[in-house]
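A.B. asks:
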Amino acid sequence: MRLFIAVELPKAVRNEVGAALKELKMLSSGGRFVQENNLHITLHFIGESNDLAGAVKAMQSAVRGIRPFELRPAGFSSFERSGSRTAFIEVGGNTGELTILHESLQTALADNGFAREYRRFVPHITLGRSVEFDELVYAQLQETEFKTSFTASEITLFESVKEKGKLVYIPLHREKL
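Sequential numbering of the sequence shown, starting at 3, is according to our numbering.
#1: Could you please give the first and the last residue of the uninterrupted beta strand (DSSP E) stretch that includes THR44?
#2: Can you tell me which of the three DSSP states ILE102 falls into?
#3: Could you tell me which residues DSSP pairs with ALA154 in its beta bridges?
#4: Given a threshold of 16 other Cβ atoms within 10 Å of its Cβ, counted over all protein chains shown, does GLY98 qualify as buried or as exposed?
#5: Please classify TYR171: does DSSP put it in a helix, a strand, or coil?
#6: Short of 8 Å in beta carbon distance, which residues of its chain neighbour ILE91, apart from the five on each side in sequence? Order them along the chain.
#7: Should the stretch 97–115 be regarded as contacting the stretch 36–53, the criterion being three or more beta carbon pairs within less than 8 Å?
#8: For ILE172, does the count of other Cβ atoms within 10 angstroms reach 16, so buried, or fall short, so exposed?
#9: Can you say whether LEU138 is buried or exposed, counting buried as having 16 or more other CB atoms within 10 angstroms of its CB?
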């Protein structure tokens with residue numbers, strides 16, 4: 003199973019970020035875009051694993067002492083890695099608490115036999131990979147303003163599966179903060 007742990011977005015936030023996603027698709031000259039119902043904030047990509055019990059145990063350990071906190075979509079950005087551009091929405095709000103949750107999850111996963119991620123955690127909502135757009139489009143998308151916010155009150159273990167050529171994220175376990 004291909005697994006990852008994330009913060010799910012409520013429908014109102016997915017809809018608002020989805021509008022930015024539609025604009026990006028319309029203005030870009032190509033890319034692999036996330037489906038609106040799959041938008042989320044990744045905390046840790048586990049990859050191929052059948053150790054559901056270990057992942058759940060790590061999640062339970064990671065959330066101890068962490069209370070729900072506010073997050074919001076903040077603005078459009080992108081980064082390049084290996085010549086490929088990833089477009090995303092930055093996450094604002096209480097990102098300090100989100101980073102604490104991420105670090106706690108990293109430690110708990112490592113304690114349960116999973117590989118630790120060492121790159122710097124940048125909270126974001128991925129819109130697409132290998133996205134092609136010019137600087138004018140980038141500037142236009144950066145003007146997008148978001149009005150929604152939400153309370154992050156749980157983390158979710160997802161399985162990523164392909165159905166009819168599209169990725170579907172199936173929630174396997176939710177752990178309350």
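Glycine included, C-beta positions come from ideal geometry on N, C-alpha and C. None of the values given here were measured: they were computed from a predicted structure.
C.D. replies: Reading from the atomic positions:
#1: For this step, residue 44 is matched to residue 42 along the sequence shown. The continuous beta strand (DSSP E) containing THR44 extends over residues 42–50.
#2: For the purposes of this step, residue 102 is taken as residue 100 along the sequence shown, with counting starting at 1. ILE102 falls in the helix class under three-state DSSP.
#3: For this step, residue 154 is matched to residue 152 along the sequence shown. DSSP lists PHE71 as partners of ALA154.
#4: Here residue 98 refers to the residue found at position 96 when the sequence shown is read from its first residue. Exposed, since its Cβ has fewer than 16 Cβ neighbours within 10 Å.
#5: Here residue 171 is taken as the residue at index 169 of the sequence shown, counted from 1. Strand.
#6: One-based indexing of the sequence shown puts residue 91 at position 89. VAL19, ALA22, PRO75, ALA76, GLY77, PHE78, SER79, HIS126, ILE127, LEU129 and PHE148.
#7: Contact check between the stretch 97–115 and the stretch 36–53: three or more CB pairs, one atom from each, fall below 8 Å, which counts as touching.
#8: As a position in the sequence shown, residue 172 is number 170, starting the count at 1. Exposed.
#9: On the sequence shown, position 136 is the one that residue 138 refers to. Exposure of LEU138 is indicated by the presence of fewer than 16 other C-beta atoms within 10 angstroms of its C-beta.
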